[in-house]
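Engineer: Chains as they are written, first to last, in my numbering: chain A, 1 to 161; chain B, 1001 to 1107. From the three backbone atoms N, C-alpha and C, an ideal C-beta is built for every residue, glycine too. Because the structure is a prediction, the values reported are computed rather than measured. Please find one structure pasted underneath; my questions will follow.
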Amino acid sequence: MDPTQPNSIVEYRVDFQGIAQIITWVLVIIGWLIVNSQHNKRISRKETRDRLDQMGESLLKLEQVAIEYHTAKKRNDKLACSIRTAIERVSRAINRLGLATTAELNPKIIDLRRAITLQNFDSRKYERKDPSGEFIDRISHSTGELIDLLESKYLVRYPQS
Amino acid sequence: MSTKKFIRLAADFSRYPAGRYVKDGPYSGERFREEYLRPVLDKSEQVIIELDGTRGYGSSFLEEAFGGLVRCGYSVEKVKSAFELRSSDSSLIEEIMDYIEHGSDST
């Protein structure tokens, strides 16, 4: 009789139980990996959402301050300085979000900087702009374009949100 | 072997560059162009311009400083070959190159 061969129904049953246990553990591990991966994705999505919301607030604040600057009676150098700094910070922070490429972001960032600082900015010939006029509308439009780009990129990355 | 010179805008000119014309303020784009950029072109030198370190830039400053060179009569090719721009914010470099290549038409 071959000693390596199971010699009874009981030994076969023990082998099947061992295999069943291994399969169970493999399924448990795979399940854990899937749940863990989904959890990490949810955390990543929430963190990105929070950062995007903060960015949206920063952009809307910048828009508000820029409109305040251009609709004021007099040129305000202190406000101009804070606007230049805010644009630079926003530009860097948007790139750090990592939602869009620089090729996608730069034209929108440049449009925003131009809308706010190319004309009637840091200028001796400063003149108050009409709050409902084309100049102010361009600032709001370029801000909206940048926010729209970021939101659309967020939806592409997290389609179920 | 000649090494390129550096213009560190924040250290050599101002941390607060602002305005288009000299009459707009002490650290305007016009002044930067006349005192720092045109001499480089007139001597046919090549210079690296480091843009980091300031408290931001207005487009009026950038347009007058760099786009203004082409309006002064320097060719686009000469301006582009004379200056190597460096910044951690690539949108600044892209905007300046647009002013050099297209001037105020790009706005």
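1) Which class does residue 125 of chain A belong to by DSSP, given the choice of helix, strand or coil?
2) Taking Cβ positions only, does residue 1005 of chain B come closer than 8 Å to chain A?
3) Near residue 1025 of chain B, what residues of its chain come up, given a Cβ to Cβ distance below 8 Å and the 5 sequence neighbours on each side ignored?
4) Looking at chain B, is there any beta carbon in it that lies within less than 8 Å of the beta carbon of residue 165 of chain A?
5) Could you check whether the Cβ of residue 122 of chain A sits closer than 8 Å to any Cβ belonging to chain B?
6) Given that a residue counts as buried once 16 or more other Cβ atoms are within 10 Å of its Cβ, and exposed if not, what is residue 142 of chain A?
7) Using DSSP's beta-bridge definition, name the partner residues of residue 134 of chain A.
8) Helix, strand or coil for residue 1008 of chain B per DSSP?
9) Kindly indicate which three-state DSSP category residue 1055 of chain B falls into: helix, strand or coil?
10) Take residue 68 of chain A and list the residues in its own chain whose beta-carbon comes closer than 8 Å to its own, dropping the five residues that flank it on each side.
11) Mind listing which residues of the segment 1007-1026 of chain B have their C-beta closer than 7 Å to chain D's C-betas, in chain order?
12) Please give the ranges of any alpha helix (DSSP H) in the segment 1028-1095 of chain B, keeping only runs that are unbroken, at least 4 residues long and fully inside the region.
13) Do you know how far the Cα of residue 1098 of chain B is from the Cα of residue 1106 of chain B?
14) Could you tell me whether the Cβ atoms of residue 1103 of chain B and residue 1064 of chain B are closer together than 8 Å?
15) In chain order, what are the residue ranges of uninterrupted beta strand (DSSP E) at least 3 long that sit wholly in the segment 19-100 of chain A?
16) Suppose you measure from the CA of residue 20 of chain A to the CA of residue 37 of chain A; what does that come to, to the nearest Å?
17) Residues of the segment 1047-1072 of chain B with a CB closer than 9 Å to any CB of chain A: list them in chain order, please.
18) State buried or exposed for residue 1049 of chain B, treating a residue as buried only when at least 16 other CB atoms are found within 10 Å of its CB.
19) Using 8 Å for Cβ pairs, my map puts residue 1068 of chain B next to residue 1008 of chain B. What's the rounded Cβ distance?
20) Does residue 110 of chain A come within less than 8 Å of chain B when only Cβ atoms are used?
21) Closer than 7 Å: is that where the CB of residue 40 of chain A sits relative to any heavy atom of the ligand ADP?
22) If you drop the 5 nearest sequence neighbours on each side, which residues of the same chain put their C-beta closer than 8 Å to that of residue 161 of chain A?
23) Could you give the DSSP three-state label for residue 143 of chain A: helix, strand or coil?
24) Looking at residue 112 of chain A and residue 146 of chain A, is the spacing between their C-beta atoms short of 8 Å?
25) Suppose you measure from the CA of residue 1040 of chain B to the CA of residue 1014 of chain B; what does that come to, to the nearest Å?
26) When the Cα of residue 1047 of chain B is compared with those of B:1101, B:1034, B:1086, B:1071, which residue comes out closest?
27) Give the single residue among B:1022, B:1101, B:1023 whose Cα lies nearest to the Cα of residue 1076 of chain B.
Structural biologist: Taking the geometry as given:
1) Your numbering for residue 125 of chain A matches position 125 in the first sequence. In this structure, residue 125 of chain A counts as coil in the three-state DSSP scheme.
2) Position 5 of the second sequence holds residue 1005 of chain B. By this cut-off, residue 1005 of chain B is not an interface position.
3) The residue labelled residue 1025 of chain B in the question sits at position 25 within the second sequence. Only 1018, 1019 meet the Cβ criterion.
4) Residue numbering for chain A in the displayed model covers 1 to 161; residue 165 of chain A lies beyond these limits and cannot be assessed.
5) Along the first sequence, read from residue 1 onward, the residue named residue 122 of chain A stands at position 122. Yes, because at least one Cβ of chain B sits closer than 8 Å to the Cβ of residue 122 of chain A.
6) Counted from its first residue, the first sequence places residue 142 of chain A at position 142. With 16 or more other Cβ atoms within 10 Å, it is buried.
7) The count along the first sequence starts at 1 and reaches residue 134 of chain A at position 134. Its beta-bridge partners do not exist; DSSP assigns none.
8) Position 8 of the second sequence, counted from the first residue, corresponds to residue 1008 of chain B. Looking at residue 1008 of chain B - three-state DSSP - the assignment turns out to be strand.
9) Counting from one through the second sequence, the residue named residue 1055 of chain B turns up at place 55. It is coil, neither helix nor strand.
10) The residue labelled residue 68 of chain A in the question sits at position 68 within the first sequence. 79.
11) Considering every chain present, this structure includes no chain D. Its protein chains are A and B.
12) 1029-1032, 1038-1042, 1059-1062, 1068-1071, 1076-1082
13) Sequence index remark: in the second sequence, residue 1106 of chain B carries index 106 (1-based). Sequence index remark: in the second sequence, residue 1098 of chain B carries index 98 (1-based). With a pLDDT of 49 at residue 1106 of chain B, under the threshold of 50, the modelled position of that residue is not reliable, and no figure is offered here.
14) Counted from its first residue, the second sequence places residue 1103 of chain B at position 103. Counted from its first residue, the second sequence places residue 1064 of chain B at position 64. The answer is no: Cβ separation not under 8 Å.
15) none
16) As a position in the first sequence, residue 20 of chain A is number 20, starting the count at 1. As a position in the first sequence, residue 37 of chain A is number 37, starting the count at 1. Distance between the alpha carbons of residue 20 of chain A and residue 37 of chain A: 26 Å.
17) 1054, 1055, 1056, 1057, 1058, 1059, 1060, 1061, 1062, 1063
18) Numbered from 1 along the second sequence, position 49 holds the residue referred to as residue 1049 of chain B. Buried: at least 16 other Cβ atoms inside 10 Å.
19) On the second sequence, position 68 is the one that residue 1068 of chain B refers to. On the second sequence, position 8 is the one that residue 1008 of chain B refers to. Contact doesn't hold; Cβ gap of about 21 Å is too wide.
20) Residue numbering aside, residue 110 of chain A sits at position 110 when the first sequence is read from its first letter. With 8 Å as the cut-off, residue 110 of chain A counts as an interface residue toward chain B.
21) Questions concerning the ligand ADP fall outside what the structure shown contains, since it holds no ligand whatsoever.
22) Locating residue 161 of chain A in the first sequence gives position 161, counting from the first residue. Unreliable placement is indicated for residue 161 of chain A, whose pLDDT of 49 sits below 50; no coordinate value is reported for it.
23) The sequence position of residue 143 of chain A within the first sequence is 143, counting from 1. Residue state, collapsed to three classes: helix.
24) One-based indexing of the first sequence puts residue 146 of chain A at position 146. One-based indexing of the first sequence puts residue 112 of chain A at position 112. Here residue 146 of chain A is near residue 112 of chain A, since their CB atoms are less than 8 Å apart.
25) By one-based count along the second sequence, residue 1040 of chain B stands at place 40. By one-based count along the second sequence, residue 1014 of chain B stands at place 14. So the two alpha carbons sit approximately 18 Å from each other.
26) By one-based count along the second sequence, residue 1047 of chain B stands at place 47. Its Cα nearest to that of residue 1047 of chain B, the residue B:1086 stands out among B:1101, B:1034, B:1086, B:1071.
27) Locating residue 1076 of chain B in the second sequence gives position 76, where the first residue counts as 1. Nearest of B:1022, B:1101, B:1023 to residue 1076 of chain B, Cα basis: B:1101.
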